[in-house]
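Novice: Chains as they are written, first to last, in the numbering used here: chain A, 1 to 386; chain B, 1 to 291.
By construction, the Cβ of each residue, glycine as well, lies at the ideal position given by its N, Cα and C atoms.
Since the structure is predicted, the reported quantities are computational estimates derived from the model, not experimental observations.
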């Protein structure tokens with residue numbers, strides 16, 4: 001081998017290294033981009049997690065069919081968080097170790113709070129489904145929501161209780177976890193500000209099966225309305241117990257209580273339930289209808305709000321990455337803060353959405369009532385900060 | 001007062017389910033001197049089997065029929081024949097561990113083979129309210145109490161008033177002597193396991209419309225029934241019955257007057273007190289063994 005040949009080989013190697021560095025130093029252009037979804041596939045969060053996972057898979061298959069993100073297909077891996085903070089931490093750590101571009105999930109607020117420091121330390125963006133207000137107050141620049149912060153939703157619901165339900169007193173039933181306690185702590189001051197008396201304040205346990213005693217307490221509190229803030233399965237069990245105990249007062253809730261899974265599980269006991277919903281396949285937005293049909297055709301049942309969250313999370317990754325123009329986690333996080341994605345630009349986002357500087361989202365939302373086993377939208381509420 | 005009466009009825013309904021499962025602990029203890037740690041899963045599974053049937057396209061009544069027969073065969077006959085008999089000769093501990101393994105197997109099979117999510121389950125009892133002593137009470141709660149009490153009283157009458165029942169008792173008390181007296185001991189033990197399966201079946205069909213059918217339902221029911229059996233007296237059916245109702249009442253009254261957070265803790269406190277004060281259980285019989 002001559003000196004000239006060796007020099008040419010060295011130059012070629014240098015050029016190859018430089019081109020790799022330009023693409024992020026991690027992969028060739030056609031290599032899959034790795035999304036790792038840490039989600040509740042068992043435990044009390046399984047209904048929510050299953051919907052989310054299906055939404056993620058649907059979005060990934062659509063995006064890959066159209067050439068992926070910046071020419072790279074998405075490879076998604078799902079890890080079961082078991083609705084358990086310890087298992088979630090382990091799965092998120094694994095996702096970081098496996099070099100995830102973005103971590104998706106989980107949904108339950110307790111596991112999010114327990115695991116989000118791992119992605120923050122590794123500077124990996126994490127797009128979650130939680131509603132508890134606490135985790136976007138901690139200055140973590142890598143955490144982003146797909147649903148409204150409960151602190152933004154509760155004033156809307158309190159207005160609804162005062163203006164539409166005309167309630168002077170409300171019994172509050174909540175689940176004693178980060179999600180439920182956050183909702184209760186946001187709601188009670190909002191009720192009091194509006195002169196609505198809290199007739200009963202009833203904590204319940206995550207995974208609780210028997211709600212007879214709670215329903216009896218609610219019934220005897222004799223409030224004008226009942227505000228229920230529980231997770232999916234517990235919501236359905238409470239509604240069944242409330243019906244069993246003959247509760248006839250309006251039952252009002254936020255997003256979860258009016259979800260498709262809760263309506264399916266509660267059966268007739270869900271009829272008449274009212275409330276505020278952030279995302280709903282039956283909402284009057286064309287994108288929701290298209291998504292709802294695709295989801296039903298693919299999985300054989302109706303998506304709840306978590307299916308929409310999973311779906312839009314992947315489209316958020318796609319849109320923001322395309323805005324950045326490369327796979328750069330730090331630039332992704334910076335771009336998503338303050339970003340707005342409209343359906344006109346990316347139909348997969350389903351509803352115009354804006355991200356605030358703390359990772360919260362702002363978008364239109366809906367007042368809904370369950371009639372004959374179906375959620376019926378009664379009114380559309382505007383964005384808080386359009 | 002209305003609230004208290006409603007809580008008592010709801011507590012009795014919860015307790016009736018615990019009692020049905022607790023009697024299973026007692027029956028298996030009496031015949032094989034072991035604890036069936038899969039008893040909670042025995043209550044969870046029949047509802048899942050019914051849903052497997054309805055998802056396969058069977059009408060609801062047929063799904064109930066097929067699931068009931070399959071469950072009693074598998075977890076009455078099959079449990080005795082393929083798990084208890086082979087393991088019993090190795091002692092009580094291996095058998096107890098084998099039932100723990102069965103518990104995990106059944107739970108995971110229901111989760112992975114059917115669904116990790118809760119599912120709605122058809123109710124055999126309609127919703128409605130009945131007015132009793134001025135209080136509006138849940139018709140379903142009352143129905144659960146009635147069905148469970150009828151099942152338990154029927155069992156008690158069968159055991160104490162029929163020849164077969166008395167031979168079952170004799171087998172439970174001393175199988176060696178029963179065998180000498182010409183009692184078909186194996187057949188009596190099998191009958192006990194079949195009865196246990198039927199009671200679990202009844203509990204499953206009563207509780208699943210409210211709790212929803214889910215693979216993990218057996219955990220809480222199994223634990224509560226186990227506590228109920230110990231509190232009432234592990235070696236007496238009437239003890240399991242009393243223990244079940246007592247734990248159900250404590251459970252509901254704790255949730256209403258203390259907090260839901262303590263509803264599983266307070267029965268455990270009761271358990272500790274009973275073990276310290278009356279180790280054989282409230283209605284149990286003292287047993288002595290020669291070493």
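(1) With a threshold of 6 angstroms on Cβ separation, who are the neighbours of residue 244(B) within its own chain once the five nearest residues in sequence on each side are excluded?
(2) Rounding to the nearest angstrom, what Cα-Cα distance links residue 22(A) and residue 311(A) in this structure?
(3) Does residue 129(B) get closer than 8 angstroms to chain A when you measure Cβ to Cβ?
(4) So, is the C-beta of residue 216(A) closer than 8 angstroms to a C-beta in chain B?
(5) From residue 39(A) to residue 56(A), what distance separates their C-alpha atoms?
(6) Is residue 296(A) close to chain B? Criterion is C-beta to C-beta, closer than 8 angstroms.
(7) What are the start and end residues of each continuous beta strand (DSSP E) run of 3 or more residues lying completely inside the region 212-286 of chain A, in chain order?
(8) Residue 79(A) by DSSP, collapsed to three states: which one?
(9) Suppose contacts are defined by Cβ-Cβ distances below 8 angstroms. Is residue 43(B) in contact with residue 204(B) by that definition?
(10) Consult DSSP for residue 148(A) and reduce its assignment to one of helix, strand or coil.
(11) State the beta-bridge partners of residue 130(B) as determined by DSSP.
(12) Could you please give me the residues that DSSP links to residue 170(A) through a beta bridge?
(13) Is there a C-beta anywhere in chain A that falls below 8 angstroms from the one on residue 54(B)?
(14) Which chain A residues sit within Cβ distance under 7 angstroms of residue 110(B)?
(15) Starting from the Cα of residue 387(A), find the closest Cα among 273(A), 80(A) and 65(A) and give me that residue.
(16) When you compare each of 199(A), 154(A), 59(A) and 140(A) to residue 367(A) by their alpha carbons, which one comes out closest?
(17) On a Cα-Cα basis, can you pick out the residue from 169(A), 168(A), 197(A) and 203(A) that is closest to residue 184(A)?
(18) Mapping DSSP to helix, strand and coil, what is residue 363(A)?
(19) Can you name the residues of chain A whose CB is closer than 9 angstroms to the CB of residue 210(B)?
(20) Look at residue 263(A) and residue 375(A) and say whether their C-beta atoms are less than 8 angstroms apart.
(21) State the beta-bridge partners of residue 340(A) as determined by DSSP.
(22) Spell out a yes or no on whether the region 185-203 of chain A and the region 137-154 of chain A are touching, meaning 3 or more CB-CB pairs, one atom from each, closer than 8 angstroms.
(23) Would you kindly work out how many angstroms separate the C-alpha atoms of residue 88(B) and residue 223(B), rounded to a whole number?
(24) For residue 218(A), count the other beta carbons within 10 Å of its own beta carbon; 16 or more makes it buried, fewer makes it exposed. Which is it?
(25) Considering just the uninterrupted stretch of the alpha helix (DSSP H) at residue 190(B), what are its terminal residues?
(26) Under three-state DSSP, which class holds residue 102(B)?
(27) Within the 8 angstroms Cβ cut-off, does residue 387(A) reach chain B?
(28) If we call anything under 8 angstroms between Cβ atoms a contact, is residue 102(A) one with residue 128(A)?
(29) Among all the DSSP beta bridges, which residues are the ones paired with residue 143(A)?
(30) Taking only three categories from DSSP, how would you classify residue 62(A)?
(31) Using three-state DSSP, classify residue 106(A) as helix, strand or coil.
(32) Can you find a CB in chain B that lies within less than 8 angstroms of the CB of residue 42(A)?
(33) Which residue from 279(A), 286(A) and 296(A) puts its Cα closest to that of residue 381(A)?
(34) Using 8 angstroms for Cβ pairs, my map puts residue 71(B) next to residue 94(B). What's the rounded Cβ distance?
(35) Which residues bound the beta strand (DSSP E) around residue 137(A)?
(36) Using beta-carbon positions only, say whether residue 299(A) and residue 346(A) come within less than 8 angstroms of one another.
Specialist: In short, the structure shows the following:
(1) Here the question's residue 244(B) lines up with position 244 in the second chain. Correct list, in chain order: 15, 18, 19, 22 and 228.
(2) Mapped onto the first chain, residue 22(A) falls at position 22. Mapped onto the first chain, residue 311(A) falls at position 311. In this prediction, residue 22(A) has a pLDDT of 43, which is less than 50 and means its spatial position is unreliable; what the coordinates show is noted afterwards. About 30 angstroms.
(3) Indexing the second chain from 1 puts residue 129(B) at position 129. Residue 129(B) counts as touching chain A.
(4) The residue given as residue 216(A) occupies position 216 in the first chain. Yes, because at least one Cβ of chain B sits closer than 8 angstroms to the Cβ of residue 216(A).
(5) The residue labelled residue 39(A) in the question sits at position 39 within the first chain. The residue labelled residue 56(A) in the question sits at position 56 within the first chain. If you draw a straight line from the Cα of residue 39(A) to the Cα of residue 56(A), it comes to about 11 angstroms.
(6) For the purposes of this step, residue 296(A) is taken as the residue at position 296 of the first chain. No, no contact with chain B.
(7) Correct list: 225-229, 251-254 and 274-277.
(8) For the purposes of this step, residue 79(A) is taken as residue 79 along the first chain, with counting starting at 1. The answer is strand: DSSP assigns residue 79(A) an E or B state.
(9) What you label residue 43(B) is simply residue 43 of the second chain in a count that begins at 1. What you label residue 204(B) is simply residue 204 of the second chain in a count that begins at 1. In contact: residue 43(B) and residue 204(B) (Cβ atoms closer than 8 angstroms).
(10) In the first chain, residue 148(A) corresponds to position 148, counting from 1. In the structure shown, residue 148(A) sits in coil (DSSP, three-state: anything other than H, G, I, E or B).
(11) If you number the second chain from 1, residue 130(B) lands on position 130. Looking at the DSSP assignment, residue 130(B) forms a beta bridge with 137(B).
(12) Your numbering for residue 170(A) matches position 170 in the first chain. DSSP, once it has assigned bridges, lists 198(A) and 225(A) as partnering residue 170(A).
(13) Locating residue 54(B) in the second chain gives position 54, counting from the first residue. So no, residue 54(B) is outside the interface.
(14) By one-based count along the second chain, residue 110(B) stands at place 110. The premise fails here: residue 110(B) is roughly 12 angstroms from chain A at the closest Cβ pair, so nothing lies under 7 angstroms.
(15) Lying outside 1 to 386, the shown extent of chain A, residue 387(A) is not represented and no answer is given.
(16) By one-based count along the first chain, residue 367(A) stands at place 367. Considering only alpha carbons, the answer is 154(A).
(17) By 1-based counting over the first chain, the position of residue 184(A) is 184. Nearest of 169(A), 168(A), 197(A) and 203(A) to residue 184(A), Cα basis: 203(A).
(18) As a first step, residue 363(A) must be located in the first chain, where it is residue number 363. Residue 363(A): coil per DSSP, three-state reduction.
(19) Translated into positions along the second chain, residue 210(B) becomes position 210. Within chain A, the residues near residue 210(B) are 209, 210, 211, 212, 237, 240, 241 and 244.
(20) Looking up residue 263(A) in the first chain gives position 263. Looking up residue 375(A) in the first chain gives position 375. Cβ atoms of residue 263(A) and residue 375(A): closer than 8 angstroms.
(21) Here residue 340(A) refers to the residue found at position 340 of the first chain. The partner list for residue 340(A) (beta bridge, DSSP) reads 354(A).
(22) yes
(23) For the purposes of this step, residue 88(B) is taken as residue 88 along the second chain, with counting starting at 1. For the purposes of this step, residue 223(B) is taken as residue 223 along the second chain, with counting starting at 1. For residue 88(B) and residue 223(B), the distance between alpha carbons rounds to 23 angstroms.
(24) Within the first chain, residue 218(A) is the residue found at index 218, counting from 1. So residue 218(A) counts as buried.
(25) As a position in the second chain, residue 190(B) is number 190, starting the count at 1. Note, residue 190(B): alpha helix (DSSP H), 185-211.
(26) If you number the second chain from 1, residue 102(B) lands on position 102. In the structure shown, residue 102(B) sits in a helix (DSSP, three-state: H, G or I).
(27) Residue 387(A) lies beyond the range of chain A shown here (1 to 386); nothing can be said about it.
(28) One-based indexing of the first chain puts residue 102(A) at position 102. One-based indexing of the first chain puts residue 128(A) at position 128. No, they are not a contact pair.
(29) By one-based count along the first chain, residue 143(A) stands at place 143. Partner(s): 126(A).
(30) For the purposes of this step, residue 62(A) is taken as residue 62 along the first chain, with counting starting at 1. Looking at residue 62(A) - three-state DSSP - the assignment turns out to be helix.
(31) As a working note, residue 106(A) is residue 106 in the first chain. In the structure shown, residue 106(A) sits in coil (DSSP, three-state: anything other than H, G, I, E or B).
(32) The count along the first chain starts at 1 and reaches residue 42(A) at position 42. Closer than 8 angstroms to some Cβ of chain B, the Cβ of residue 42(A) qualifies, so yes.
(33) Working through the first chain from its first residue, we reach residue 381(A) at position 381. Check the Cα spacing between residue 381(A) and each of 279(A), 286(A) and 296(A): the tightest is with 279(A).
(34) Position 71 of the second chain, counting from 1, holds the residue named residue 71(B). Position 94 of the second chain, counting from 1, holds the residue named residue 94(B). No, residue 71(B) and residue 94(B) are not in contact; Cβ-Cβ is about 25 angstroms, not under 8 angstroms.
(35) To locate residue 137(A), count along the first chain from 1; it is residue 137. Going by DSSP, residue 137(A) is part of no beta strand (DSSP E) at all; its letter is neither H nor E.
(36) For the purposes of this step, residue 299(A) is identified with residue 299 of the first chain, where counting begins at 1. For the purposes of this step, residue 346(A) is identified with residue 346 of the first chain, where counting begins at 1. The Cβ-Cβ distance between residue 299(A) and residue 346(A) does not fall below 8 angstroms.
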